[in-house]
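For the sequence shown, the numbering used here puts the final residue at 274, and the numbers step up evenly by one. Where is the CB? At the ideal position from N, CA and C, for every residue including glycine. What you are looking at is a predicted structure, and each value in this text was computed from that prediction instead of being measured. Notes to accompany the following structure.
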Amino acid sequence: MTVVRRPRAVLGRHRPWPLCRQCTGVALDMGSARTRAWVAGRGMILDVPTVTFPGVGAVYPIQRGSIVDTQGTARMLDRLLGHRLPRFARPLVVVTAPVLDGFAYRAEARTAVEVLRPRSVLTVPSARAVALAAGADLSRPLLVMDIGAHLTEVVLLVDGAVFDARRTALGTGDIDESTPAARIGEAVADMTTSMLRQDDTSFTVDALGRGPLLAGGGALRPEITCRLTNRLHVPLRAVPAPHTAALRGAAKLLEAAHSHPSTTGTDPPDGHPH
1 MTVVRRPRAV LGRHRPWPLC RQCTGVALDM GSARTRAWVA GRGMILDVPT
51 VTFPGVGAVY PIQRGSIVDT QGTARMLDRL LGHRLPRFAR PLVVVTAPVL
101 DGFAYRAEAR TAVEVLRPRS VLTVPSARAV ALAAGADLSR PLLVMDIGAH
151 LTEVVLLVDG AVFDARRTAL GTGDIDESTP AARIGEAVAD MTTSMLRQDD
201 TSFTVDALGR GPLLAGGGAL RPEITCRLTN RLHVPLRAVP APHTAALRGA
251 AKLLEAAHSH PSTTGTDPPD GHPH
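In structure tokens, the structure reads:
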């Protein structure tokens, strides 16, 4: 998890949301197909196409897990959220990010989010956010399969941290006559098998025994899940409302971080920074 410190306008500890009047919290899940936002005290307020309109025609600033137009992303966030936040708010913002190529994504996302004048920006791997949304036991190895519209990731979490990951630039938005849904299931199964073969620990085996956690729109496609079941011969566990799982996990992290010294700029009671 990456934390960007910002000066605080008001010192002192925060009250629980929504009672806290001196700050605002925003969780963001920006994918190539949809952008979703959660605001503290209000819940999910946005679930819209990821698109901006700089002039004539529409521009898609995020493509297959990469922010290809940072300024376009900033314009989109300003258009969608600028009027929804208190005028002088300095929000604490949590942004989900793909696991692979996540460093570049995080850097571009932090630049784009500046349009919201954030007090602090935190990023969280989407797979970890999914696990948080599911209330998964992170003390044990966990396999997360996030099948989105244009990007699919298979991520092995160990003690809550990314241990291994695979990705493919395929998703439910690519399904047509030339790319049947079963092909995505095959791709996920192949990535999982590759991970299993290259793991010289027991983590992948243990995680498969627990049953992979499914998120994203692909979790609702029986053509994909049946192919996975037939190939892997393990139980599959779909997260409730899998489309919004990453956002809900980011919202949980946002609430936990709300009063943490690393984001408020205050010291803990014992005087030792965490």
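Contacts around residue i, its chain only, beta-carbon distance under 7 Å, and the 5 residues preceding and following it disregarded
i	result
GLY173	ALA33, ALA149, HIS150
ASP69	VAL59, PRO61
GLY31	THR50, ILE62, GLY148, ALA149
PHE203	PRO141, LEU156, VAL158, PHE163
GLY160	ARG128, LEU138
MET195	VAL154, LEU156, ASP164, ARG166, THR204
Simplified DSSP assignment, three categories, for residue i
i	result
THR96	strand
LEU213	strand
THR24	coil
ILE175	coil
GLY102	helix
VAL158	strand
GLY57	strand
GLY43	strand
SER120	strand
VAL144	strand
PHE163	strand
ARG87	coil
ARG128	helix
VAL234	coil
VAL188	helix
Length of the line joining the Cα atoms of residue i and residue j
i	j	result
ALA189	GLY249	25 Å
ARG21	VAL95	Per-residue confidence for ARG21 stands at a pLDDT of 48, beneath the threshold of 50, marking its modelled position as unreliable; no derived number is given.
ASN230	ALA182	11 Å
GLN71	GLY57	16 Å
HIS243	ASP78	23 Å
MET191	ALA134	22 Å
VAL99	PRO125	5 Å
GLY41	LEU247	15 Å
ALA28	LEU143	This sequence places Leu at residue 28; Ala is not what is there. Each residue's Cα considered, the two are about 23 Å apart.
ALA131	ARG227	23 Å
ARG87	ALA165	40 Å
ALA136	ALA112	31 Å
ALA245	ASP200	30 Å
GLN198	THR179	28 Å
LEU253	HIS83	24 Å
Neighbourhood of residue i by C-beta, 8 Å cutoff - its chain only, sequence neighbours within 5 removed
i	result
LEU80	THR35, ALA37, LEU46, VAL48
LEU85	THR24, VAL26, VAL39, PRO91, LEU116
VAL275	Outside the shown range of the chain, which is 1 to 274, sits residue 275, and nothing can be said about it.
GLU114	ALA74
PRO54	GLY72, ARG75
Beta-carbon contacts of residue i that lie in its chain and below 6 Å, excluding the five residues immediately before and after
i	result
THR123	THR2, VAL95, ALA97, ARG106
GLU255	none
ARG75	THR52
THR280	With the chain running from 1 to 274 in the structure shown, residue 280 is simply not present.
GLY171	GLY148, ALA149, HIS150, LEU151, THR152
ILE224	ALA181, ILE184, GLY185, GLY218
ALA241	none
LEU214	MET145, LEU236, ALA238
ALA251	ALA27, TRP38
ILE175	ALA181
Buried or exposed (CB count within 10 angstroms, at least 16 for buried), residue i
i	result
GLU177	exposed
PHE103	exposed
ARG221	buried
ASP146	buried
GLY65	buried
VAL205	exposed
ARG119	buried
GLY216	buried
Min CB distance residue i to chain B below 9 Å
i	result
GLY65	Within the model displayed, chain B is absent; a lone protein chain is all it includes.
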